Amino acid sequence: MKLNNEEINRYSRHLTLPEVGMAGQLELKESSVLMIGAGGLGSPLGMYLGAVGVGKIGLVDFDVVDHTNLHRQIAHTTSDEGRPKVESLRDTILGGNPNIEVEIHNIRLERDNVLELFKQYDIIADGSDNFETRYLINDAAYFSKKPLVSASIFRFQGQITIFSPETGGPCYRCLYSEPPPAALVPNWAVAGVLGVLPGVVGLIQATEVIKLILDGGAPLIGRLLLYDAMKMNFKEVRVRKDPECVLCGDNPSVTELIDYKAFCDVPLPGAEVPEEIDEAAYELSPQEFKDAMDQDPSAVLVDVRESFEWDICKIDGAQLLPLSSFEPASSGLDPEDSIYLYCYKGKRSMLALKELKKAGFKKLKNLSGGIDLWAEEVDSDMPQYWVEGGQTCPPYLLIKSWKFIQLNADSSTNFSTMSCVWCGGVSGRNLRFYRGQSRWYGITGNRLPNA
Ligand SMILES: [Zn+2]
0 MKLNNEEINR YSRHLTLPEV GMAGQLELKE SSVLMIGAGG LGSPLGMYLG AVGVGKIGLV
60 DFDVVDHTNL HRQIAHTTSD EGRPKVESLR DTILGGNPNI EVEIHNIRLE RDNVLELFKQ
120 YDIIADGSDN FETRYLINDA AYFSKKPLVS ASIFRFQGQI TIFSPETGGP CYRCLYSEPP
180 PAALVPNWAV AGVLGVLPGV VGLIQATEVI KLILDGGAPL IGRLLLYDAM KMNFKEVRVR
240 KDPECVLCGD NPSVTELIDY KAFCDVPLPG AEVPEEIDEA AYELSPQEFK DAMDQDPSAV
300 LVDVRESFEW DICKIDGAQL LPLSSFEPAS SGLDPEDSIY LYCYKGKRSM LALKELKKAG
360 FKKLKNLSGG IDLWAEEVDS DMPQYWVEGG QTCPPYLLIK SWKFIQLNAD SSTNFSTMSC
420 VWCGGVSGRN LRFYRGQSRW YGITGNRLPN A
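For the sequence shown, position 259 matches number 258 in numbering that gives the first Met the number 0, and the numbering has no gaps at all.
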């Protein structure tokens, strides 16, 4: 393969870079990259991969250009509205560089077409926006032995990494062994994204693709790069291959593509408990709760919220036993006592109540509506705290599984190395954690779970 005179002229600033040069430029020309997503990330990714002369670019997307895409999907113009995104992006890429080949796949990526498609390309670049597709792509890339350059965006934050178990790096499942409960997955249409965000993140993704092709520099393998546009900073989290990974670990149980829709249809923690109880039988309204406690000499009032919530307000006489570290056996509570539980909205305290019931406690009551309703109906002096956006602005941020924490954090469970599955936010002052049924959850400092 050779470059023609027009190409030599076009790529001259590459050819004079020793790290690229003629050999590197030919590598680019001979390489092929399959991009999943022709939207926000796909726009800069495709435009730059095309501009620098990646010989064959495949585009997968089944969506059409919508008016609301235009504030961030810069490969598409107003006149492209209604066109398939893959066609619009292809035209933009080829407009920038007619020397390359762009193949469009106006399809939804599925279990039965993904492997055939991946076979035709050297590198997979994932810019998809849902968990089902991400797990599908991860597994397919693993089975196809293709490096996967992965990027995602959410609101003001993005994350980028390369999954390459072939070369000793982790796969997506090493990082996120389970998808978040479906009910907690943000509605992307509502969650919003800063228009320029996919530009920055997509360009980093493009950079990593190009470096893989050139086999140069330090690739983002085993490193998760987190970008926060509001704080304007980058953070890096080291991520390791999980020996217990069901896909790329020592004893894999996922040995072929699975039903990803079913896999991602995860119920909320607490929604499934082994012994289902009649919750209503334990619920008291705020006034009933107060009256019952006042007349009960063995009443023990337990607050299962987190300490930062406790700092905002609490009911007099309560003791704090956060659900994040709640263990009936070590709680110091006496199974003979009457335990009155509350949290913010009554849901976390119901989880604690079920654990206590399992542990043999019999006299249990839950404050229906939590301290929030208590503030309205019993104690009007109590400050209420809430939560911009409510349900539509997802208050939950999913954190990695407990297994992952054990694997990646030190023995004191230093949360500073954890990051949010959705937004890439790293734990710290503004990101706190509590334990769900089988996982840890985090909430940002100014948003609290509706639980
Ligand atoms: Zn893995």
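By construction, the Cβ of each residue, glycine as well, lies at the ideal position given by its N, Cα and C atoms.
The structure displayed is predicted, hence computed values, not measured ones.
In the three-state reduction of the DSSP assignment, LYS144 falls in the coil class.
Listed by position in the chain, the residues whose beta carbon lies within less than 7 Å of some heavy atom of ligand 1 are PRO164, PRO169, CYS170, ARG172, CYS173, LYS240, ASP241, CYS244, LEU246, CYS247 and GLY248. Of all alpha-carbon atoms in LEU135, ASP227, GLY191 and TYR339, the one lying nearest the alpha-carbon of VAL200 is that of ASP227. Residue state for GLN72 is assigned as coil, using DSSP reduced to three classes. In the structure shown, the three-state DSSP call for LEU319 is strand. For the pair PRO178 and PHE288, the CB atoms are not nearer than the 8 Å cut-off. Per DSSP, GLU354 has no beta bridge partner at all. Here ALA50 has GLY95 and ASN96 as same chain residues with Cβ atoms under 7 Å from its own Cβ, once five neighbours each way along the sequence are excluded. PHE142 and THR132 have their C-alpha atoms roughly 15 Å apart. Residue state for ALA228 is assigned as coil, using DSSP reduced to three classes.
Scanning its chain for C-beta atoms nearer than 8 Å, with the 5 sequence neighbours on each side dropped, one finds around LEU213 the residues GLU18, VAL19, GLY23, GLU26 and LEU27, in chain order.
Annotated three-state conformation of GLY126 is coil, per DSSP. Under the three-state reduction of DSSP, ASN365 is assigned to strand. Under the 8 Å Cβ criterion, the stretch 136–151 counts as touching the stretch 96–114, having at least three qualifying pairs.
Secondary structure at ILE7: helix, using DSSP grouped into helix, strand and coil.
Between the C-alpha atoms of LEU340 and ASP371 there is a straight-line separation of about 13 Å.
Here VAL299 has GLN318, LEU332, ASP333, ASP336, SER337, ILE338 and TYR339 as same chain residues with Cβ atoms under 8 Å from its own Cβ, once five neighbours each way along the sequence are excluded. The beta carbon of THR166 sits closer than 8 Å to those of PRO146 and ILE220, all from its chain and outside the five residues before and after it, given in chain order. The DSSP-derived three-state label of PHE155 is coil. It is roughly 6 Å from the alpha-carbon of TYR171 to the alpha-carbon of PHE162.
In this structure GLN158 is in contact with LEU225, their Cβ atoms being roughly 5 Å apart against a cut-off of 8 Å. Contact check for PHE130 against LEU196 fails: the beta carbons are separated by 8 Å or more.
Looking at the DSSP output, LYS234 sits in a beta bridge with LEU225. Boundaries of the alpha helix (DSSP H) harbouring ILE212: 196–213, taken from the DSSP string. Contact between TYR120 and GLY39 is ruled out by a C-beta separation of about 21 Å, above the 8 Å threshold.
DSSP, read as helix, strand or coil, puts GLY49 in helix.
Residue state for THR160 is assigned as strand, using DSSP reduced to three classes. Take the alpha-carbon of LYS346 and the one of SER324: they are about 16 Å apart.
Per DSSP, the continuous beta strand (DSSP E) segment holding LYS55 begins and ends at 55–59. Cβ atoms of ASP65 and GLU80 come within 8 Å of each other, at about 7 Å. TYR341 is bridged by DSSP to ASP302.
Under DSSP, the beta-bridge partners assigned to ALA150 are ILE159. For LEU88, the enclosing alpha helix (DSSP H) starts and ends at 84–95. THR91 places its beta carbon 8 Å or farther from that of MET34. Counted as a single uninterrupted DSSP element, the stretch harbouring LEU2 is not any beta strand (DSSP E), since DSSP gives it neither H nor E.
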